[in-house]
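To start, the structure itself, in structure tokens.
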Amino acid sequence: MALVKRKSDNVLLRTALENFYGAAEEMGLDEGITDILAHSERKTCVSVPVEMDDGSIQVFEGFRVAHNSAVGPAKGGVRFHQDVCLDECEALAFMMTWKCSLAGIPYGGGKGGVRVDALKLSKKELERLSRTYAARIEPVVGAWTDVPAPDVNTNGQVMTWFMDTISRMRGRLEPAIFTGKPIPLWGSKGRNAATGLGVATCAIEFMKALGKDIKGMKCAVMGFGNVGSFAAKTLAEAGAKVVAISDITGVYYSENGIDIAKAFKLIASNPKKLLTGLDKEPGVKMIDSIQTCDCDIFLPCALEGVITEKNAGDIKAKYIVEGANGPTTPEGDKILDQRGILVVPDFLANSGGVIGSYFEWCQDLGGFFWSEEDYNNRLLSIMKDNFKKVWDYAQEHNVKMRRAAFLAAIKRVADATEMRGVYL
Numbered sequence: 002m003a004l005v006k007r008k009s010d011n012v013l014l015r016t017a018l019e020n021f022y023g024a025a026e027e028m029g030l031d032e033g034i035t036d037i038l039a040h041s042e043r044k045t046c047v048s049v050p051v052e053m054d055d056g057s058i059q060v061f062e063g064f065r066v067a068h069n070s071a072v073g074p075a076k077g078g079v080r081f082h083q084d085v086c087l088d089e090c091e092a093l094a095f096m097m098t099w100k101c102s103l104a105g106i107p108y109g110g111g112k113g114g115v116r117v118d119a120l121k122l123s124k125k126e127l128e129r130l131s132r133t134y135a136a137r138i139e140p141v142v143g144a145w146t147d148v149p150a151p152d153v154n155t156n157g158q159v160m161t162w163f164m165d166t167i168s169r170m171r172g173r174l175e176p177a178i179f180t181g182k183p184i185p186l187w188g189s190k191g192r193n194a195a196t197g198l199g200v201a202t203c204a205i206e207f208m209k210a211l212g213k214d215i216k217g218m219k220c221a222v223m224g225f226g227n228v229g230s231f232a233a234k235t236l237a238e239a240g241a242k243v244v245a246i247s248d249i250t251g252v253y254y255s256e257n258g259i260d261i262a263k264a265f266k267l268i269a270s271n272p273k274k275l276l277t278g279l280d281k282e283p284g285v286k287m288i289d290s291i292q293t294c295d296c297d298i299f300l301p302c303a304l305e306g307v308i309t310e311k312n313a314g315d316i317k318a319k320y321i322v323e324g325a326n327g328p329t330t331p332e333g334d335k336i337l338d339q340r341g342i343l344v345v346p347d348f349l350a351n352s353g354g355v356i357g358s359y360f361e362w363c364q365d366l367g368g369f370f371w372s373e374e375d376y377n378n379r380l381l382s383i384m385k386d387n388f389k390k391v392w393d394y395a396q397e398h399n400v401k402m403r404r405a406a407f408l409a410a411i412k413r414v415a416d417a418t419e420m421r422g423v424y425l
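Under this note's numbering, the residues of the sequence shown are numbered 2 to 425, in order.
So, in structure tokens, the structure goes:
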């Protein structure tokens, strides 16, 4: 019987499936294994009722997807965002499987979230939402089954509420179920900056591989949350000129480079951690689009699907390092390829976060914590090795880095799936 490929109207899931099927066909993957890996092991939908501050009740939709556990427990973030849906969570879980595999860590892919505009919630409403969501997904998460982490609009405080809720439900402390926790509550030094540090490290190694120096190169960082802010900080410290940064308040541009230290101080003083007012700094102005601004390296570190067939032809950057999950659509990717724009794919570039989560998980399971220096040294070593592995494969086989990364990642999971067998 011929393989029936999955289809989806969701752009992110369609992108994930198309990339997977293309790589699986190229490597001659068995059709049965291909079909197994194209489907998620578990998709959970829950209702999340929350008592609002005015006494009313609102019910939100929540999701948790575990894509694959052949190599280890599912791993992936939880996001609170108004666009969250089941297909998005499945696509992101799908990509997390390849990210974990490529990183060489013992995880499969997972993802979850709640469809809610988190910025409109008070702190108490956010706590009620977090605790109820944690209680509803309690049957499917665990240190050896599914290990969530922070994502869009969630943070260490939310992870603490998650951990506390499930620990109380189970009658024992469960610190290793969630990563991204505050340092005093079984968190890890270095974890907060890990994803952004990894993205910037890939950008620096990318330039080295091309025989270029990162110093003085113009970088534009889309998204100034946990990923983009630390990527911008690391690049600036390495001597790059960060000419543009953005968040939901707009795009901030300076041809002489933005003072990233001042940007950090600004978001620290803003209750919602936004860049409001940065355009009042000397030389900084607002522009319409960060995707098409004048720069050498563009780093999309916000949401998915921001490079499409509508704007890929106007991108001025010569190089793209994907800090977000799925920021480039297949149509956009083809245009970038035709224009000779080189791309470091997301599940290589932003894997610092899940590698850092793995470090925290190891420390929680062992009850022994590392110094920040040890943490960062181990992270940088793995990121550099992974970049070199993909770069060398791409050069040897004359394929783009995205395809090289897919082939290497899929092979590890496929081999594990085949060795473990199909359980009937």
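Yeah, the Cβ is synthetic: ideal placement off N, Cα and C, and Gly gets one too.
| query | In chain order, what residues of the same chain have a beta carbon less than 6 angstroms from the beta carbon of residue 413, not counting five sequence neighbours either side? | reply | Counting only Cβ-Cβ distances below 6 angstroms, and skipping sequence neighbours, we find 102.
| message | Using only CA atoms, which one of 275, 82, 84 and 76 lies nearest to residue 107? | response | Among 275, 82, 84 and 76, the Cα nearest to that of residue 107 is on 76.
| Just curious, the beta strand (DSSP E) that residue 337 is in, first and last residue? | For residue 337, no beta strand (DSSP E) run applies; the uninterrupted alpha helix (DSSP H) run containing it begins and ends at 331 to 339, by DSSP.
| field | Simplified DSSP state of residue 259, which is helix, strand or coil | value | The answer is coil: DSSP assigns residue 259 none of H, G, I, E or B.
| For residue 300, the residue or residues it bridges with in DSSP | For residue 300, the pairing in a beta bridge is given by DSSP as 222.
| query | Quick one, which of 401, 350, 305 and 402 has its alpha-carbon nearest residue 380's? | reply | If we check each option's Cα against that of residue 380, 350 comes out closest.
| Member of 196, 160, 144 and 327 whose CA lies at the smallest distance from the CA of residue 94 | Out of 196, 160, 144 and 327, 327 has the C-alpha closest to the C-alpha of residue 94.
| In this structure, does DSSP put residue 27 in helix, strand or coil? | Correct three-state label for residue 27: helix.
| query | residue 80 lies in the beta strand (DSSP E); which residues open and close that run? | reply | Taken as a continuous stretch (DSSP letters only), the beta strand (DSSP E) holding residue 80 covers 75 to 82.
| said: Just verifying my parser: in three-state terms, what is the DSSP assignment at residue 357? | reply: Shown here, residue 357 sits in a helix according to DSSP, grouped into three states.
| query | Excluding the five sequence neighbours on either side, which residues of its own chain have a C-beta within less than 6 angstroms of the C-beta of residue 1, listed in chain order? | reply | With the chain running from 2 to 425 in the structure shown, residue 1 is simply not present.
| query | Rounded to a whole number of angstroms, what is the C-alpha to C-alpha distance between residue 268 and residue 5? | reply | Going from the Cα of residue 268 to the Cα of residue 5 covers about 49 angstroms.
| field | Pairwise C-alpha distance: residue 85 and residue 44 | value | Looking at the two C-alpha atoms, the distance is approximately 14 angstroms.
| field | Stretch-stretch touch, CB-based, cutoff 8 angstroms, three pairs: the stretch 200 to 220 with the stretch 260 to 278 | value | Cβ pair count under 8 angstroms is below three, so no.
| query | beta strand (DSSP E) containing residue 197: first to last residue? | reply | Run containing residue 197: none in the beta strand (DSSP E); it sits in the alpha helix (DSSP H), 195 to 210.
| request: Report the three-state DSSP secondary structure of residue 433 (helix, strand or coil). | output: Lying outside 2 to 425, the shown extent of the chain, residue 433 is not represented and no answer is given.
| request: Compute the distance between the beta-carbons of residue 345 and residue 207, then report whether it is under 7 angstroms. | output: Residue 345 places its beta carbon less than 7 angstroms from that of residue 207.
| request: Express the C-alpha separation of residue 60 and residue 170 in angstroms, rounding to a whole number. | output: The straight-line gap from Cα to Cα measures roughly 22 angstroms.
| field | Residue nearest to residue 424 in terms of C-alpha spacing, selected from 28, 32, 245 and 42 | value | For residue 424, the closest C-alpha among the options 28, 32, 245 and 42 is that of 42.
| How would you write the range of the beta strand (DSSP E) that residue 184 sits in, first residue to last? | Unbroken run through residue 184: none, as it is neither H nor E.
| Out of curiosity, what's the CA-to-CA distance linking residue 239 and residue 214? | Distance between the alpha carbons of residue 239 and residue 214: 10 angstroms.
| residue 14, DSSP secondary structure in three states | Helix.
| task | Report the three-state DSSP secondary structure of residue 118 (helix, strand or coil). | result | When secondary structure is reduced to three states using DSSP, residue 118 falls in the coil class, being assigned neither helix nor strand.
| Exposed unless 16 or more other CB atoms sit within 10 angstroms - verdict on residue 364 | Looking at its Cβ environment, which holds 16 or more other Cβ atoms inside 10 Å, residue 364 is buried.
| query | Looking at the structure shown, is residue 376 part of a helix, part of a strand, or coil, going by DSSP? | reply | Collapsing the DSSP output to three states places residue 376 in a helix.
| query | Which residue or residues does DSSP assign as beta-bridge partners of residue 46? | reply | Looking at the DSSP output, residue 46 bridges to 64.
| field | Cβ neighbour criterion (16 or more within 10 Å) applied to residue 323 | value | Looking at its Cβ environment, which holds 16 or more other Cβ atoms inside 10 Å, residue 323 is buried.
| Where the alpha helix (DSSP H) containing residue 108 begins and where it ends | Neither: residue 108 is in no alpha helix (DSSP H) and is coded neither H nor E.
| query | Nearest-angstrom Cα distance between residue 258 and residue 209? | reply | Here the C-alpha atom of residue 258 lies approximately 22 angstroms from the C-alpha atom of residue 209.
| request: Please report how far the alpha carbon of residue 40 lies from the alpha carbon of residue 305, in whole angstroms. | output: So the alpha carbons of these two residues sit roughly 21 angstroms apart.
| From residue 356 to residue 104, what does the alpha carbon distance come to, in whole angstroms? | Whole-angstrom Cα-Cα distance: 7 angstroms.
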